[in-house]
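The structure under discussion appears below in the form of structure tokens.
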Amino acid sequence: MEFFKNAVNWASGPTVLFTLSTVGLLLSFKYTQIWSKKVAYIFFAVFALVYFTSMLDPNFYLIVAKPDNVPITFVLFLVAFFTWYAMYQGVENDKRIEAGEDVLEKQEQEKVWVWPDLVYTELLCMVILGVGLMVWSILLPAPLEQPANPADSPNPSKAPWYFLGLQEMLVYYDPWLAGVVFPTLIIVGLMAIPYIDTNPKGNGYFTFKERKAEIAIFLYGFLVLWVLLVISGTFLRGPNWNFFGPYEYWDQHRIEPLLNVHVSDFFWVRGLGRPLPSNPIVREFLGIILVLFYVGVLPVLMARPREKLPKFLQWISLNKYFQKMGPARYYLGVILFLAMLSLPIKMYLRWAFNLKYVVAFPEIFFNI
Amino acid sequence: MAQEEKKAATDGADKAAKPAAKKKGKDVSRREFNWLALGWTFFAAATAAGLGAMGRFMFPNVLTEPPSSFKAGLPSDFAIGVVDTRFKEAYQVWIVRNEEGIYALSTICTHLGCTPNWLSAESKFKCPCHGSGFYMSGINFEGPAPRPLERHRIVLAEDGQVLVDKSRIYKQEAGQWSDPESFLTLA
Amino acid sequence: MEKVWSAISGAWDATTESQVWKSVFRHGAVTSNRNRVLVMMSNVFLHLHPVKSRKAGIKLRYTWCMGGITFFLFLVLTFTGLLLMFYYRPTVQYAYSDIIDLGEHVPLGVMRELHRWGAHAMVITVWLHMFRVFMTGSYKPPREFNWGIGVILLVLTLLLSFTGYLLPWDQLAIWAITVGSNMARATPLLGTEGPLTAALKLGEINLVNSGNDARFALLGARSVGENTLLRFYVLHCVGLPLAAAVLMAVHFWRVRKDGGISGPM
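Chains as they are written, first to last, in the working numbering: chain A, 1 to 368; chain B, 369 to 555; chain C, 556 to 820.
Put into structure tokens, the structure is as follows:
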């Protein structure tokens, strides 16, 4: 038992959890047969069993049973279920397409009366949901903490749970990026999806094979970069915003020394063994080049055909998409995609090297 | 207004200078175009003015805020090497006495404005929201805070008490901590 | 027994054939196809629906009913929110105690629970609705525009929930909003601590300061306080719900106009 708990605690560390989820998701795109009913039954049974027996552990119970965290339990199970349900139907349809049959949604094209066929379904949903909400409200009082006190921040202080993904980003990026630029890009990026995605297939039915790239990118962004961050931010971020395993005691005094290092420190101090130059532009030149390369040169490189790239870089070629989408859609899409990837990149840099800023101009609040 | 009319007029002149375009039934005639341009210019100006006025409405001319300066007692009240947290609640200020003198640190974290806690055992200010850590001097050394805590103006009042004025702030990254009023030197 | 039954059915017939009833309901019992059409045409609420729909499209398997559930939750929240407004005063002095009173001094003291848990549920269902629409590719032509409206509605839902978070005026509320609103301070050009803001200078005077930046507009003050509570209250109870209602009307309208529930071409 102890061994199991320690293993889970270890696996919930940010590095391991994030890596495992990413790899797991990518593998599930390769071996789509795991989105089957059988696997789902086993997975749900095991997961629910572990989750609910874990409530016997006092530390786990303390976090999960906090009234405002109850919705996260719903999120956990609902998102898992509906992800499976969507992928399951997609994989089923893919089999039908392969066999030359119509997709499931193509059958039953006949029109039926909305009253009663749809209206009654809606009524039923409303009744069930209404009753569920009543029961939830009667069983669980809404939380109310001490009266507001501007002088005393509770430890930890958390944003509402649906913003914990943003709060997690704030650990890795400055507020102007994590709080302003990235949310704007998320909203703009979501709205731009229909105009970037020109794939005419997969319109109006579940499928995976016909829209692999779109679904893979969206699921990575939604499941790993949003829902996973929300869940880990709720359950695993404890006092002083340190990470705690689900069975760990939230120790207010645990010390985790984090010494911040910038790219400029790596280059000048550790690399060349001299003090930082006083001219900020000279000091930060490497970081500036890296950022400009990432947002300016990389998209152009990726647009080139495979054989025109040096051998070790051939894997980044997205020439296929450049040809298909045209320059405007391609560049918009790639820049949004790279912006999305900049979050995991910075996370790994932080975990591996304690890297704080790639470019640091604290004088004008311009830190990346 | 006159300017806009002039603009519309020059627009018209520009059009006239060009060789007369072949008129099709649907095209807007020059005369109509002038009126349209004028109308839309007025409409855009009025909309912009309206939006501007609405935006300005959100910024009141008078703000009621508690007084920003206070007297914190005699310099001898503060022990060397101790962070005084008595004024945190009422004034959001820590008063710190070191070997050379006294300074007043703002209790607002430079990351996202939470209130850090002074952990005397670890000799640092630690912000509970995102884990930023600051040395006793206010310099940031861990976590996401991008810059040191701010200092406030601190001087001796005429009655010999320490006077802290929160309306003046001194930022280390702007080189303002060398200002004599950001630090009360005690012999 | 027979007599009672015939009396009841007689009374029912008399009611449904009365002038009052007929002036309200323009159709008879929805058992004939004619009335199935009439009920959709004559009832303003049901008019959101078409008269007929493809069988595959309205399956729960396909829609998960998530959009419908989200709308239902919006109605629940509007209604419970309205009731809460009878007791809640948005001032620093009263807000917290009014929230306590709502649970203790008012009969059926679960109104705040219904509102809070309903709000959490709505955030989840909005996510899942978007997720479903993405996974079925329903944002593709001709529904691109409606997807955009949906994204704005998602943002409005989050903002509604966020502004509501401050109103109990407890520790959870004030610090969540402090952290959230401090991000506004980092807006490029418009926030005091945003990149490039320092360049906006007239001589020695900073054009953007803590008294006129983006965060100030949000809070109505330099820090979270009385003005903030009032601003968030007004946004939460009037501004954002109105915006959401208008966009929802557009959203539903466009679902119909873009060809109803999506399906394979």
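Note that CB positions come from ideal geometry on N, CA and C, so glycine has one too.
{"query": "For residue 660 of chain C and residue 675 of chain C, what's the separation of their Cα atoms in angstroms?", "result": "25 Å"}
{"query": "If you measure beta-carbon to beta-carbon, which residues of the stretch 473-500 of chain B are closer than 7 Å to chain C?", "result": "480, 481, 482, 497"}
{"query": "Does the count of Cβ pairs from the stretch 81-99 of chain A and the stretch 573-593 of chain C closer than 8 Å reach three?", "result": "no"}
{"query": "Using 8 Å as the threshold, is the C-beta distance between residue 365 of chain A and residue 516 of chain B below it?", "result": "no"}
{"query": "Identify the residues that DSSP records as bridge partners of residue 178 of chain A: which are they?", "result": "Residue 178 of chain A is not bridged to any residue."}
{"query": "Give the residues of chain C in contact with residue 94 of chain A, contact being defined as C-beta atoms less than 9 Å apart.", "result": "The contacting residues do not exist; residue 94 of chain A stays about 13 Å from chain C at best."}
{"query": "Scan the stretch 160-173 of chain A for residues whose Cβ lies nearer than 7 Å to a Cβ of chain F and list them as they occur along the chain.", "result": "In the structure shown, chain F cannot be found, because the protein chains are A, B and C."}
{"query": "Note down, in chain order, each residue of its chain lying with its Cβ closer than 7 Å to the Cβ of residue 719 of chain C, except the 5 sequence neighbours on either side.", "result": "674, 791"}
{"query": "From the DSSP secondary-structure annotation, give me the bridge partner or partners of residue 237 of chain A.", "result": "A:243"}
{"query": "How long is the line joining the alpha carbons of residue 353 of chain A and residue 240 of chain A, rounded to whole angstroms?", "result": "21 Å"}
{"query": "Which one or two residues does DSSP pair with residue 465 of chain B in a beta bridge?", "result": "B:450, B:470"}
{"query": "By the 10 Å Cβ neighbour count, where 16 or more other Cβ atoms means buried, how is residue 534 of chain B classified, buried or exposed?", "result": "buried"}
{"query": "How would you list, in chain order, the residues of chain A whose beta-carbon sits under 8 Å from the beta-carbon of residue 717 of chain C?", "result": "160, 163"}
{"query": "Classify residue 363 of chain A as helix, strand or coil using the three-state DSSP reduction.", "result": "helix"}
{"query": "Tell me which residues of the stretch 517-531 of chain B have at least one Cβ-Cβ distance to chain C shorter than 7 Å, keeping chain order.", "result": "none"}
{"query": "Which ranges would you report for the alpha helix (DSSP H) in the stretch 274-352 of chain A if only whole runs of at least 4 residues count?", "result": "280-283, 285-292, 298-303"}
{"query": "What's the C-alpha gap between residue 779 of chain C and residue 50 of chain A?", "result": "42 Å"}
{"query": "Check whether the Cβ of residue 303 of chain A sits closer than 7 Å to any heavy atom of the ligand ADP, and report yes or no.", "result": "Of ligands this structure carries none, so the ligand ADP is not represented either."}
{"query": "Starting from the N-terminal side, write out each stretch of the alpha helix (DSSP H) that is 4 residues or longer and does not extend beyond the stretch 642-681 of chain C.", "result": "650-659"}
{"query": "Going by the beta-carbon positions, is the gap between residue 159 of chain A and residue 724 of chain C smaller than 8 Å?", "result": "no"}
{"query": "List the endpoints of the continuous beta strand (DSSP E) containing residue 122 of chain A.", "result": "No beta strand (DSSP E) contains residue 122 of chain A, which is instead part of the alpha helix (DSSP H) from 114-139."}
{"query": "Just to confirm, are residue 509 of chain B and residue 259 of chain A a CB contact at a threshold of 8 Å?", "result": "yes"}
{"query": "Would you mind working out which of C:631, C:607, C:784, C:793 sits nearest residue 730 of chain C, comparing C-alpha positions?", "result": "C:784"}
{"query": "Nearest chain C C-beta to residue 217 of chain A closer than 8 Å, yes or no?", "result": "no"}
{"query": "Examine chain A for any beta-carbon lying closer than 8 Å to the beta-carbon of residue 819 of chain C, and answer yes or no.", "result": "yes"}
{"query": "So the candidates are C:796, C:622, C:732, C:630; which of them puts its Cα closest to the Cα of residue 684 of chain C?", "result": "C:622"}
{"query": "Go through its chain and collect everything with a Cβ distance to residue 667 of chain C's Cβ below 6 Å, but skip five positions before and after it.", "result": "657"}
{"query": "Can you check whether the C-beta of residue 884 of chain C is within less than 8 Å of a C-beta belonging to chain B?", "result": "No statement about residue 884 of chain C is possible, as the shown extent of chain C runs from 556 to 820 and does not include it."}
{"query": "Below 8 Å, how does it come out for the stretch 265-274 of chain A and the stretch 71-79 of chain A: are there three or more Cβ pairs, yes or no?", "result": "no"}
{"query": "Can you tell me the Cβ-Cβ gap for residue 590 of chain B and residue 553 of chain B, rounded? I've got them flagged as a contact below 8 Å.", "result": "Given a span of 369 to 555 for chain B in the structure shown, any question on residue 590 of chain B remains unanswerable."}
{"query": "So with Cβ pairs under 8 Å, would you call residue 763 of chain C a contact of chain A?", "result": "no"}
{"query": "Quick check on DSSP: helix, strand or coil for residue 267 of chain A?", "result": "helix"}
{"query": "Measure how close the beta-carbons of residue 849 of chain C and residue 815 of chain C come, nearest whole angstrom, since I'm counting them as under 8 Å.", "result": "The structure shown has nothing for residue 849 of chain C, since chain C only spans 556 to 820."}
{"query": "Give the single residue among C:627, C:732, C:689 whose Cα lies nearest to the Cα of residue 131 of chain A.", "result": "C:627"}
{"query": "Looking at the C-beta of residue 730 of chain C, does it have a partner C-beta in chain B at a distance below 8 Å?", "result": "yes"}
{"query": "Below 8 Å between beta carbons is the criterion; list the residues of the stretch 424-437 of chain B that meet it against any residue of chain C, in chain order.", "result": "426, 427, 428, 431, 433"}
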